[in-house]
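Student:
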Amino acid sequence: MTGKEPVCPACLGNHAQPILSVSAQEAALHFVSPRFDAERNDRILSRIRSLWGSDQCRILECQNCGFGFSWPFVAGDAAFYNLTGSDAVYPKVKWEFSRTVEALALRDTSDARILEVGAGNGFFLDRVSPRLIRQENVTAVEYNERSITTLKRKGYEALTLDIRDKPFDGRGSSFDFIFMFQVIEHLDRIDELFERVRFLLKPGGSAFCAVPNVKRIAYQESHGSLLDMPPNHIGRWTPQAFREVSSRLGLRVAATEVEPLDWMEFFKHDISYSHIRRTQIAPAGALAKIRSWPRGRRRRLAEAAAAALGIPARLSSWADAWKDRKIMGGSLWIQLDRI
Ligand SMILES: [Zn+2]
Numbered sequence: 092m093t094g095k096e097p098v099c100p101a102c103l104g105n106h107a108q109p110i111l112s113v114s115a116q117e118a119a120l121h122f123v124s125p126r127f128d129a130e131r132n133d134r135i136l137s138r139i140r141s142l143w144g145s146d147q148c149r150i151l152e153c154q155n156c157g158f159g160f161s162w163p164f165v166a167g168d169a170a171f172y173n174l175t176g177s178d179a180v181y182p183k184v185k186w187e188f189s190r191t192v193e194a195l196a197l198r199d200t201s202d203a204r205i206l207e208v209g210a211g212n213g214f215f216l217d218r219v220s221p222r223l224i225r226q227e228n229v230t231a232v233e234y235n236e237r238s239i240t241t242l243k244r245k246g247y248e249a250l251t252l253d254i255r256d257k258p259f260d261g262r263g264s265s266f267d268f269i270f271m272f273q274v275i276e277h278l279d280r281i282d283e284l285f286e287r288v289r290f291l292l293k294p295g296g297s298a299f300c301a302v303p304n305v306k307r308i309a310y311q312e313s314h315g316s317l318l319d320m321p322p323n324h325i326g327r328w329t330p331q332a333f334r335e336v337s338s339r340l341g342l343r344v345a346a347t348e349v350e351p352l353d354w355m356e357f358f359k360h361d362i363s364y365s366h367i368r369r370t371q372i373a374p375a376g377a378l379a380k381i382r383s384w385p386r387g388r389r390r391r392l393a394e395a396a397a398a399a400l401g402i403p404a405r406l407s408s409w410a411d412a413w414k415d416r417k418i419m420g421g422s423l424w425i426q427l428d429r430i
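Numbers given in this note's numbering equal positions in the sequence shown, counted from 1, plus 91.
Structure follows, in structure tokens:
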């Protein structure tokens, strides 16, 4: 697969520049350090090698639409997420939730049917149902089995499926609104995905999506913070990349918006991500040792102290973030309409 000439999955152009290259070992270390859990690190490593079909993955940026993509462009599979995602936490509050509720308030939702892809524990759905949408009109798709139980208890139809799977073949023009928050950046088979979204939407329906903001990713990677690592995140979406895919597949980008920078969120993540990054860069060092301790109060306090000691070294990065504050919010929000 790596032998093939890279093609941009968003616009199908073939002019892409390398951003960075990572080895399977670096990627495995990013997800679980061998000092914390050697066996799990090893299983992740072999899973990544088999997904990539090699020891190396490149991240490229399309010169036409700005889409950043891993090459090979291969998403993590269930085995990969079972190994890496067992401690997933779903934030209750996200800017894209509020932004989408605002957009829905302008629409007629009285009889609307909705679908959320990657619904987690249903925190977004709880914002709109039953207030705007009846519970029996809500379908949630989620991989995490524990979340499925929670979603069902709340009265939603909850399915452990990919919307591209067969059971969705019979559900054309079924949904007024589809939601995909922090999902698309994980996925390959982009054309099938957007084709499916169009197919599932009623005419005049809309899909609301949020992805990580590429400007924030670029800041992190150029300022000693965490890398946006494949095969977890494999696509770095720009408004133009959404326009390219949409125009090819019968959708239209109706709105795009970058989240206003939330400084509290920014500092919290910057301090913790740059600390974790330091443990990755020096996996034999003292910081990495602390991070390899079993989870609990002792590790939490030691890591907080270590992260706090790293703050003075972050000041010049924060000055750069301040200069770019208008474009540095965490998420890019997109509304796609079926045409
Ligand atoms: Zn492109």
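Where is the CB? At the ideal position from N, CA and C, for every residue including glycine.
#1: For T230, write down the residues that DSSP places opposite it in a beta bridge.
#2: Tell me whether the segment 263–270 and the segment 205–225 touch, counting them as touching only if at least three CB pairs, one residue from each stretch, are closer than 8 Å.
#3: Could you work out which residue in E356, A170, E130 is closest to N323 when comparing CA atoms only?
#4: For A207, which option in F215, S201, T200 has the closest C-alpha, if you only look at C-alpha atoms?
#5: For K95, count neighbouring C-beta atoms within 10 Å of its own C-beta (all shown protein chains included) and say buried if the count is 16 or more, exposed if not.
#6: Who sits around ligand 1, taking every residue whose Cβ is closer than 5 Å to one of its heavy atoms?
#7: On the DSSP letters alone, give me the boundaries of the beta strand (DSSP E) that T347 sits inside.
#8: Check whether the segment 148–156 and the segment 376–395 are in contact - that is, three or more C-beta pairs closer than 8 Å.
#9: Can you give me the Cβ contacts of I224 inside the same chain, cut-off strictly under 6 Å, excluding the 5 residues immediately before and after it?
#10: Could you pull the start and end residues of the beta strand (DSSP E) that Q108 belongs to?
#11: Please report how far the alpha carbon of A397 lies from the alpha carbon of P294, in whole angstroms.
#12: Please determine, among K245, F299, A210, L291, the residue with the shortest C-alpha to C-alpha distance to Q226.
#13: Taking the alpha helix (DSSP H) that A375 falls in, what are its first and last residues?
#14: Quick check on R138: does DSSP put it in helix, strand or coil?
#15: Kindly indicate which three-state DSSP category E152 falls into: helix, strand or coil?
#16: Is the beta carbon of T370 less than 8 Å from the beta carbon of S114?
#17: Measuring only the C-alpha atoms, how far is G176 from E130?
Tutor: So, from the listed chains and residues:
#1: If you number the sequence shown from 1, residue 230 lands on position 139. Looking at the DSSP assignment, T230 forms a beta bridge with L206, E248.
#2: yes
#3: Within the sequence shown, residue 323 is the residue found at index 232, counting from 1. Taking only the C-alpha atoms, the option nearest N323 is A170.
#4: Along the sequence shown, one-based indexing puts residue 207 at 116. First, the residue type needs correcting, since residue 207 is Glu and not Ala in the sequence shown. That would be F215, whose Cα lies nearest to the Cα of E207.
#5: By 1-based counting over the sequence shown, the position of residue 95 is 4. Flag for K95 reads exposed.
#6: C99, A101, C102, G104, C153, N155, C156, F158
#7: As a first step, residue 347 must be located in the sequence shown, where it is residue number 256. Unbroken beta strand (DSSP E) run through T347: 342–349.
#8: no
#9: Numbered from 1 along the sequence shown, position 133 holds the residue referred to as residue 224. Cβ neighbours of I224 beyond the five flanking positions: T200, A203, I205.
#10: By one-based count along the sequence shown, residue 108 stands at place 17. Its beta strand (DSSP E) spans residues 107–114.
#11: As a position in the sequence shown, residue 397 is number 306, starting the count at 1. As a position in the sequence shown, residue 294 is number 203, starting the count at 1. Using only the alpha carbons, I get a separation of about 54 Å.
#12: Residue mapping note: residue 226 aligns to position 135 of the sequence shown, counting from 1. Cα-wise, what sits closest to Q226 is K245.
#13: Against the sequence shown, residue 375 aligns to sequence position 284. Where A375 is concerned, there is no enclosing alpha helix (DSSP H), given that its DSSP letter is neither H nor E.
#14: By 1-based counting over the sequence shown, the position of residue 138 is 47. Helix.
#15: Counting from one through the sequence shown, the residue named residue 152 turns up at place 61. Here E152 sits in strand by DSSP.
#16: If you number the sequence shown from 1, residue 370 lands on position 279. If you number the sequence shown from 1, residue 114 lands on position 23. Taking 8 Å as the Cβ cut-off, T370 and S114 do not qualify as a contacting pair.
#17: On the sequence shown, position 85 is the one that residue 176 refers to. On the sequence shown, position 39 is the one that residue 130 refers to. Roughly 15 Å separates the two Cα atoms.
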